[in-house]
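Going letter by letter, the sequence shown gives residues 69 to 327 in our numbering.
The beta-carbon is built from N, C-alpha and C at its ideal position, and this holds for glycine as well.
Since we're looking at a predicted model, the values are computed, not measured.
What follows is a single structure, written as structure tokens, with notes after it.
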Amino acid sequence: MAKKWNKKERKQHKDLLSELYLNKNKTIKEIGLLLGVSEKTIFKRLKILKIKTIPFKKIRYCNQRNDIKIPKKRSEDLAEFFGIMLGDGRLSPTQIIVTLGNKEKDYVLYVKNKIQNIFFASPKISIRKQGYHDVYLGSVILSKWLKKEGLVHNKVKSQVGVPKWIFSNKKYCEAFLRGFFDTDGSVYKLKFGIQISFTNRSLPILESLQKILFKLEYKVSSISSCKIYITKKEDIVRFFKDIKPKNIKHLTRFNIFNK
69 MAKKWNKKER KQHKDLLSEL YLNKNKTIKE IGLLLGVSEK TIFKRLKILK
119 IKTIPFKKIR YCNQRNDIKI PKKRSEDLAE FFGIMLGDGR LSPTQIIVTL
169 GNKEKDYVLY VKNKIQNIFF ASPKISIRKQ GYHDVYLGSV ILSKWLKKEG
219 LVHNKVKSQV GVPKWIFSNK KYCEAFLRGF FDTDGSVYKL KFGIQISFTN
269 RSLPILESLQ KILFKLEYKV SSISSCKIYI TKKEDIVRFF KDIKPKNIKH
319 LTRFNIFNK
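Rendered as structure tokens:
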């Protein structure tokens, strides 16, 4: 500070910092950028004005964030999200990441909106040089909660299965299938028909998928080379009608092949 504040100036500074730091919950860095001074200066002013620092209440403090809402109950959206995560997602100690291909731009936005609707925080999207898209949301608390709910940091190494609560409700099963198929499924033309497949290197996941498909009365193949298949045309048509995949890539291929 260039000079000592008088009583009026002191009150003005205190009111301003109280509004920004306490009421609007801005960080010291954000206030410094807003006022055009260094973080060190803002910290000194808080100390002089006897405004208690509360870093633990700031968004992203130690990457824990306080803008994320953990769901209080399970839902179809959450079941679909688990399908997405066990397909093309991964969980680290500090964030969730879903990696999608360069031809899935519409689905990238769908996943981003799905995550935001569930956890009330907007994920970010980054694009790699190869064109792949990463949809990610950083939060230590969220990562810990998802691990408690059945996700793991390495699904292949841990050979994780589908959480048991998914099996408790037909709608959860369908939503989970939708999320998983949109990320780790495929549809293609055979010489005499169509086939859809589900791919994963975790055997328990494939076994769980078989169980879900049997539960929903689909005829599904045995596990072969990290895949299971549905080949019966009536089942495939019903799958797209009932499960309602959201990845345009799959829908386009199915509509072409089904003609």
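query	result
Look up residue 318 in the DSSP assignment and say whether it is helix, strand or coil.	helix
Exposed or buried, which one is residue 175 when buried takes at least 16 other CB atoms within 10 Å?	buried
Between which two residues does the beta strand (DSSP E) carrying residue 194 extend?	192-195
Here's the rule: buried if 16 or more other CB atoms are within 10 angstroms of the residue's CB, otherwise exposed. What is residue 251?	buried
Between which two residues does the alpha helix (DSSP H) containing residue 168 stretch?	Where residue 168 is concerned, there is no enclosing alpha helix (DSSP H), although the beta strand (DSSP E) it sits in stretches over 163-168.
With residue 151 and residue 218 assumed to form a contact (beta carbons below 8 Å), what rounded beta-carbon distance in angstroms separates them?	Not really, about 12 Å apart at Cβ, beyond 8 Å.
With DSSP run on the structure shown, which of helix, strand or coil describes residue 117?	coil
Enumerated in chain order, which unbroken segments of the alpha helix (DSSP H) with a length of 4 residues or greater are wholly contained in the segment 205-240?	208-216 and 223-226
If distances are taken between C-alpha atoms only, which option among 231, 302 and 309 comes closest to residue 275?	231
To which residues of the same chain is residue 269 closer than 6 Å at the C-beta, ignoring the five residues directly before and after it?	224 and 294
If the criterion is Cβ atoms closer than 7 Å, does the pair residue 200 and residue 167 meet it?	yes
For the alpha helix (DSSP H) containing residue 180, name the first residue and the last one.	173-187
Less than 7 Å between the beta carbons of residue 266 and residue 277, yes or no?	yes
Hey, quick one: how far does the beta strand (DSSP E) through residue 100 stretch, first residue to last?	Taken as a continuous stretch (DSSP letters only), residue 100 belongs to no beta strand (DSSP E), being part of the alpha helix (DSSP H) at 96-103.
I need the DSSP call for residue 325, collapsed to helix, strand or coil.	helix
In angstroms, rounded to a whole number, what distance separates the CA positions of residue 138 and residue 164?	14 Å
May I have the straight-line CA-CA distance separating residue 244 from residue 135, to the nearest angstrom?	26 Å
Between which two residues does the alpha helix (DSSP H) harbouring residue 71 extend?	No alpha helix (DSSP H) holds residue 71; DSSP gives it neither H nor E.
Short check: CB of residue 191 to CB of residue 229, under 7 Å?	no
Does DSSP put residue 295 in a helix, in a strand, or in coil?	strand
Quick check: what's the CA-CA separation for residue 103 versus residue 71?	17 Å
Any idea what DSSP makes of residue 276, helix, strand or coil?	helix
Looking at the secondary structure, which residues open and close the alpha helix (DSSP H) in which residue 301 lies?	301-310
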